[in-house]
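A.B. asks:
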Amino acid sequence: MKLNLRSLEAFRETMLSGSATAAAARMGLSQPAVSRLIAQLEQDAGFDLFYREKGRLAPTPEALIIYEEIDLAFGGLERVDTLVRDLASFNTGALKIVAPPSLSEGVLPRILSRFMERFPNVRVSIDSRSTETARAMVANRTADCGFVKLPMDRADISTVLLSSSETVCVLPEAHPLAAHPELTPQLLRGEPLVLLGYGTRTRRQIDDAFRACGARPEVKLETHTVGSACAFAAAGLGVAIVNALLATNYRKPGMTIRVFRPQILHDYAFMTSALAPPGRLANALLEQARGYFAETDQLA
188 MKLNLRSLEA FRETMLSGSA TAAAARMGLS QPAVSRLIAQ LEQDAGFDLF
238 YREKGRLAPT PEALIIYEEI DLAFGGLERV DTLVRDLASF NTGALKIVAP
288 PSLSEGVLPR ILSRFMERFP NVRVSIDSRS TETARAMVAN RTADCGFVKL
338 PMDRADISTV LLSSSETVCV LPEAHPLAAH PELTPQLLRG EPLVLLGYGT
388 RTRRQIDDAF RACGARPEVK LETHTVGSAC AFAAAGLGVA IVNALLATNY
438 RKPGMTIRVF RPQILHDYAF MTSALAPPGR LANALLEQAR GYFAETDQLA
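First residue of the sequence shown? That's 188 in the numbering used here, and the numbers climb one at a time after it.
1. Check whether the stretch 460-467 and the stretch 294-310 are in contact - that is, three or more C-beta pairs closer than 8 angstroms.
2. Let's test the definition: count the other Cβ atoms within 10 Å of the Cβ of Lys189 and tell me whether it reaches 16, buried, or not, exposed.
3. Mind checking who Ala427 pairs with in its DSSP beta bridge?
4. Starting from Pro219, trace the alpha helix (DSSP H) in both directions and tell me its first and last residue.
5. In angstroms with no decimal places, state the Cα-to-Cα distance between Arg328 and Val381.
6. On the three-state DSSP scale, how would you describe Met442?
7. CA-CA distance, Leu295 and Arg438?
8. Less than 6 angstroms between C-beta atoms, sequence neighbours within five positions excluded: which residues of the same chain meet that for Ser351?
9. Spatial neighbours of Glu369 within its chain, please: C-beta separation below 8 angstroms, excluding the five flanking residues on both sides.
10. Would you kindly report the start and end of the unbroken alpha helix (DSSP H) that includes Phe306?
11. Please determine if the stretch 354-370 and the stretch 397-408 are in contact, where contact requires at least 3 C-beta pairs separated by less than 8 angstroms.
12. Could you tell me the alpha carbon to alpha carbon distance between Gln475 and Ala434, rounded to whole angstroms?
13. Where do the ends of the alpha helix (DSSP H) carrying Ala321 lie?
14. Three or more C-beta pairs under 8 angstroms: does that hold for the stretch 207-221 against the stretch 245-265?
15. Of the residues Thr247, Ala197, Thr459, Ala421, which one's Cα is nearest the Cα of Ala365?
16. In angstroms, rounded to a whole number, what distance separates the CA positions of Thr489 and Ala232?
17. Roughly how many whole angstroms lie between the Cα atoms of Ser222 and Ala207?
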């Protein structure tokens, strides 16, 4: 036996409103149409659901038992309907993002403040992992999307370039080299330097730039974060050569930033799995990220 959903709805509305006439008004039907639906339900069930006395309907004990289950079922359908409408209007949802700690501490909060202002009811989860782990999470869709530094050679990930950031030198404003608009390996020859850890792609590019002019970097301190490199530079321990996008987060009074030449770029991208189209929330975050970087690039 398969019960008709419309008949079940007519039964529920009759129970809620107390009469077939009121149920008909709630359903946008005629009273005879509702009566026919209830009669069909009784026929399908094989027993009466209402006592009919002088034009009035009174539920049978069986009807009261059935009503509890039907009301729960329709309540679930109404919740699904509300959920679908909320998802369509971004009134609910969840987004899991992976990003390197360097972005999570500066750039990402600014992007997310815009995103969450637009979608205040969306729950956001940030996971700061190593580059390889972050890429794997996006590829296998453990995370919805992420921010990553290029280059990257993975066929299972799609990327959208967001920003190309210069390499810069961070130093005290009173430093003699601050008089130059750009700093080169020739100008930095013999100058104590603060560099990020040996073995990174950017570090190799910096070493190559010095080597090309017959010099070698005078490394005073090695560190693994841009924040600590800028702090050491502010303390006068050396000129820090770092990523401009990240360095601006740590700029303090008394410090200045100069472009490093030859140009060394840091490309950042938004990544999603190439195995399935990104979700609507991921696309909305990409839109906010593009807007943020477009504005900051204009101000640079």
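Just so you know, even glycine gets a beta-carbon here, dropped at the ideal spot from N, CA and C. Computed from a predicted structure; not experimentally measured.
C.D. replies: By the coordinates alone:
1. No, the stretch 460-467 does not touch the stretch 294-310.
2. Within the sequence shown, residue 189 is the residue found at index 2, counting from 1. By the 10 Å Cβ count, Lys189 comes out exposed.
3. Taking the first residue of the sequence shown as 1, we reach residue 427 at position 240. Under the DSSP definition of a beta bridge, Ala427 partners with Val357, Val381.
4. Here residue 219 corresponds to residue number 32 of the sequence shown, with the count starting at 1. According to the DSSP assignment, Pro219 belongs to the alpha helix (DSSP H) that extends over 218-232.
5. Numbered from 1 along the sequence shown, position 141 holds the residue referred to as residue 328. Numbered from 1 along the sequence shown, position 194 holds the residue referred to as residue 381. Distance between the alpha carbons of Arg328 and Val381 is about 38 angstroms.
6. Locating residue 442 in the sequence shown gives position 255, counting from the first residue. Of the three classes helix, strand and coil, the one that applies to Met442 here is strand, per DSSP.
7. Here residue 295 refers to the residue found at position 108 when the sequence shown is read from its first residue. Here residue 438 refers to the residue found at position 251 when the sequence shown is read from its first residue. Each residue's Cα considered, the two are about 17 angstroms apart.
8. The residue labelled residue 351 in the question sits at position 164 within the sequence shown. Closer than 6 angstroms at the Cβ level, and outside the excluded window around Ser351, lie Leu452, Asp454.
9. Locating residue 369 in the sequence shown gives position 182, where the first residue counts as 1. Beyond the five residues adjoining it in sequence on each side, Glu369 comes within less than 8 angstroms, by CB distance, of Arg445, Val446, Phe447, Arg448 in the same chain, given in chain order.
10. Residue mapping note: residue 306 aligns to position 119 of the sequence shown, counting from 1. Here Phe306 belongs to no alpha helix (DSSP H), and DSSP marks it neither H nor E.
11. Contact between the stretch 354-370 and the stretch 397-408 is absent, because fewer than three Cβ pairs lie under 8 angstroms.
12. Start at 1 with the first residue of the sequence shown, and residue 475 comes out as number 288. Start at 1 with the first residue of the sequence shown, and residue 434 comes out as number 247. The C-alpha of Gln475 lies about 22 angstroms from the C-alpha of Ala434.
13. Residue numbering aside, residue 321 sits at position 134 when the sequence shown is read from its first letter. Residues 318-326.
14. In short, these stretches do not touch, since the Cβ pair count stays below three.
15. Here the question's residue 365 lines up with position 178 in the sequence shown. Minimum Cα distance to Ala365 is reached at Ala421.
16. Lying before the first or after the last residue shown, residue 489 is absent from the chain, which here runs from 188 to 487.
17. Start at 1 with the first residue of the sequence shown, and residue 222 comes out as number 35. Start at 1 with the first residue of the sequence shown, and residue 207 comes out as number 20. Rounded to the nearest angstrom, the two C-alpha atoms are 6 angstroms apart.
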